[in-house]
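All remarks here apply to the structure that follows.
In this note's numbering, the protein residues as written are 2 to 452.
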């Protein structure tokens with residue numbers, strides 16, 4: 002099964018491959034060269050900067066949703082459509098990530114994704130109507146979608162022995178970017194003149210910075226591919242498993258010769274459902290929670306800070322939960338604990354939205370850490386790099402499809418019921434099936450065994 006990667010390793014210079022960088026990170030290589038150490042550090046920086054940009058396009062909009070609605074003359078239902086655009090784009094574009102990675106390599110695709118985020122955020126403030134605003138948002142969300150899918154893949158391939166640690170690191174950065182955009186957007190908008198267009202456009206600067214570290218990684222991959230062809234190595238095999246797959250993870254390209262039929266795996270379906278339900282809660286929270294607090298009499302700036310509190314809970318917990326999950330054979334208890342926090346938080350939001358606002362924000366922040374748990378389980382439920390590619394694309398694309406109706410339904414219920422009672426009851430009710438499918442997804446088994 003591993004004949005082809007062994008052949009590749011004898012023809013390609015070991016000091017220039019990501020497997021050396023991985024060994025440097027895990028301590029397996031007694032004397033890693035400088036280029037390998039540099040490459041490992043660059044991957045870490047690239048992952049962190051990319052993760053910082055995976056949510057500001059969404060949470061910055063949530064903080065200014067009322068101003069955007071007024072400026073673009075949106076109804077509540079149209080605003081619900083706007084909050085449903087992120088999971089729709091993640092589902093539609095995320096499914097293309099494995100094919101793009103096989104063709105161009107994961108690093109190149111993530112680099113392009115960061116560029117798309119920058120372009121979308123830079124163009125969006127100049128939109129004069131709802132259609133243009135949605136189109137620019139979709140461009141940024143397309144970049145987020147492919148990056149979402151490929152982040153676990155890059156972690157698995159560059160750091161196969163440290164999946165929990167590295168997943169925790171970029172999940173922590175993702176939570177930090179999410180909370181920073183939620184907390185800082187309103188104050189920055191006021192400081193920059195009060196225009197919502199400036200407030201959401203300023204995040205394009207952070208996206209531009211994220212493009213930079215991926216450029217050397219793409220060029221390094223191209224140099225290694227040319228060296229492999231010059232040495233007579235099978236360059237087609239290197240790209241067929243996602244560019245870096247063969248050299249980085251030692252994963253045989255035989256994986257691609259007999260691809261997994263991922264739809265036959267019950268664990269894959271359970272993980273997709275779990276991912277979808279936690280995404281539903283997360284995007285409802287990011288899109289609507291500031292408005293819930295504002296309608297309860299909380300000032301706009303404070304409502305944004307409350308959303309930031311919810312998001313910032315993911316900073317420490319996103320680092321702790323993946324590490325804890327990798328130490329457990331069954332992740333079901335973590336799923337239940339997070340789900341119970343969500344139930345209590347939504348119940349409090351229903352009964353006393355302003356009175357216990359800080360407590361509910363904290364509890365919902367803990368509940369939202371089902372996201373890094375789901376990412377960790379993607380890495381744990383597959384034994385190979387090729388399996389992680391397929392499981393990540395399947396679970397995230399199907400999951401985001403599942404999550405699309407949630408934010409839209411909340412907007413419709415809010416407009417037609419005249420209050421937040423029914424929407425919050427819906428959010429709380431979804432925690433029950435989330436816990437059930439999460440328990441099923443957390444069982445100690447792999448999709449390769451089931452397929």
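In this text, a Cβ means the ideal position worked out from N, Cα and C, and glycines have one as well.
Asked: Cα-Cα separation, residue 286 to residue 35; Found: 45 Å
Asked: Backbone CA spacing between residue 89 and residue 361 [nearest angstrom]; Found: 28 Å
Asked: Enclosing alpha helix (DSSP H) for residue 97 [first to last residue]; Found: Per DSSP, residue 97 belongs to no alpha helix (DSSP H) and is neither H nor E.
Asked: Cα-Cα separation, residue 266 to residue 449; Found: 8 Å
Asked: Simplified DSSP assignment, three categories, for residue 332; Found: coil
Asked: Residue 375 and residue 339 closer than 7 Å at C-beta; Found: no
Asked: Inter-residue spacing [alpha-carbon to alpha-carbon] between residue 277 and residue 429; Found: 15 Å
Asked: Reference residue 262; option with closest CA among 300, 392, 115; Found: 392
Asked: Cβ-Cβ separation, residue 112 to residue 216 (assumed contact under 8 Å), whole Å; Found: 6 Å
Asked: Cβ-Cβ distance between residue 318 and residue 345 below 7 Å; Found: no
Asked: Distance, residue 355 Cα to residue 425 Cα; Found: 14 Å
Asked: Assigned exposure category for residue 382 - 16 Cβ within 10 Å defines buried; Found: buried
Asked: Inter-residue spacing [alpha-carbon to alpha-carbon] between residue 292 and residue 67; Found: 8 Å
Asked: Residue from 387, 332, 421 with nearest C-alpha to residue 446; Found: 332
Asked: Closest Cα partner of residue 272 within the set 65, 94, 440, 300; Found: 440
Asked: Residue 30, DSSP secondary structure in three states; Found: Since pLDDT at residue 30 reaches only 43, below the 50 mark, its modelled position is unreliable, and the value read off the structure follows with that caveat. In this structure, residue 30 counts as coil in the three-state DSSP scheme.
Asked: Supposed contact pair residue 95 and residue 121 - C-beta distance, whole angstroms, cut 8 Å; Found: Rounded, the Cβ-Cβ distance is 16 Å, inconsistent with contact.
Asked: Segment limits, alpha helix (DSSP H) that includes residue 445; Found: Element bounds for residue 445: n/a, residue is neither H nor E.
Asked: Segments assigned alpha helix (DSSP H), at least 4 residues, entirely inside the region 342-395; Found: 358-368, 371-381
Asked: Neighbourhood of residue 399 by C-beta distance below 6 Å, restricted to the same chain and skipping five residues each side; Found: 273
Asked: Residue 168 burial status per 10 Å Cβ neighbour count (16 or more: buried); Found: buried
Asked: Own chain residues within Cβ distance below 6 Å of residue 116, not counting five before or after; Found: 212
Asked: Length of the line joining the Cα atoms of residue 138 and residue 50; Found: 20 Å
Asked: Near the ligand SAM: residue 119 beta-carbon under 6 Å from a heavy atom; Found: What this structure holds is no ligand at all, so the ligand SAM is not there to describe.
Asked: Residue 295, DSSP secondary structure in three states; Found: helix
Asked: Span of the alpha helix (DSSP H) around residue 117; Found: 107-124
Asked: Residue 155: first and last residue of the uninterrupted alpha helix (DSSP H) it sits in; Found: 131-159
Asked: Whole-Å CB distance - residue 147 paired with residue 114, under 8 Å assumed; Found: 5 Å
Asked: Beta-carbon separation (whole angstroms), residue 282 vs residue 431, contact threshold 8 Å; Found: 6 Å
Asked: Spatial distance of residue 418 from residue 312 (CA atoms); Found: 28 Å
Asked: Option nearest residue 198 by Cα separation, candidates 57, 99, 128; Found: 128
Asked: Euclidean distance between Cα positions of residue 124 and residue 52; Found: 21 Å
Asked: Distance between residue 38 and residue 28 (C-alpha atoms, nearest Å); Found: With a pLDDT of only 43 at residue 28, under 50, the local geometry of the prediction cannot be trusted, and the value read off the model is given with reservation. Going by the C-alpha atoms only, they are around 11 Å apart.
Asked: 6 Å Cβ shell around residue 478 - same chain, five flanking residues per side excluded; Found: An answer regarding residue 478 cannot be provided, because it is not within the stretch 2 to 452 covered by the chain.
Asked: Any 3 or more C-beta pairs closer than 8 Å across the region 154-171 and the region 320-329; Found: yes
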